[in-house]
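Trainee:
Structure, rendered in structure tokens:
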């Protein structure tokens, strides 16, 4: 299965200046639990926003730079090549950025969204989730607290058949 996983604001904002717009520790924990042991597909800028590769995951980096290499990572030129290097019988997670989400949403089987209940100024946005194509199958609301500045909801969407 191809699964897009993202934390998305009410106005579909994802980030600004190659950085996140919020800090939600429970979302980071959920992301780690869901993606550990799997292939994660991302654009080069998303990869370079990490201080180091994420542990216990196979990184597939999409870049137009022909000579780009990073030890321990698979580097490809396009989304189709990224999907092709992932095992067919396992889940593969698309983790960003905005352009990669836009290219892959029509190929995805599932969306795992953390909906941050606030709007932000951003320079990268998640594509619209079309209710004619996607069915919301799970929703878990979380109140803001001392570690989470915003209310947020874990949402799972599956492609309608």
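Numbering (this note's numbering), first residue to last: 1 to 161. Think of the CB as a built atom: it goes at the ideal place given N, C-alpha and C, for glycine as much as any other residue.
#1: Select from 112, 149, 150 and 123 the residue whose C-alpha is nearest the C-alpha of residue 15.
#2: Check each candidate in 150, 127, 37 and 158 and name the one with the smallest Cα separation from residue 13.
#3: Give me whichever residues DSSP pairs with residue 113 in a beta bridge.
#4: If we call anything under 8 Å between Cβ atoms a contact, is residue 171 one with residue 46?
#5: Buried or exposed: where does residue 163 fall if 16 or more other Cβ atoms within 10 Å of its Cβ makes it buried?
#6: Using a Cβ distance threshold of 8 Å, determine whether the region 96-115 contacts the region 3-10, with at least three qualifying pairs required.
#7: Please check the pair residue 58 and residue 83, which I expect to be a contact at CB under 8 Å, by giving their CB distance rounded to whole angstroms.
#8: Runs of 3 residues minimum, wholly inside the region 97-146: which ones carry the beta strand (DSSP E) assignment?
#9: Which same chain residues, not among the five before or five after residue 118, have their C-beta less than 7 Å away from its C-beta?
#10: Identify which residue in 23, 100 and 48 has its Cα closest to the Cα of residue 79.
#11: In three-state terms, what does DSSP make of residue 50?
#12: For residue 37 and residue 56, what's the separation of their Cα atoms in angstroms?
#13: Along the alpha helix (DSSP H) that carries residue 160, what are the first and last residues, could you check?
Mentor: Inspection of the coordinates gives the following:
#1: 123
#2: 127
#3: 6 and 155
#4: Outside the displayed range of the chain (1 to 161) lies residue 171, so it cannot be described from this structure.
#5: No answer is possible for residue 163: it lies beyond the span of the chain, which begins at 1 and ends at 161.
#6: yes
#7: Not really, about 13 Å apart at Cβ, beyond 8 Å.
#8: 110-116 and 134-142
#9: 9, 10 and 150
#10: 100
#11: coil
#12: 5 Å
#13: Taken as a continuous stretch (DSSP letters only), residue 160 belongs to no alpha helix (DSSP H), as it is neither H nor E.
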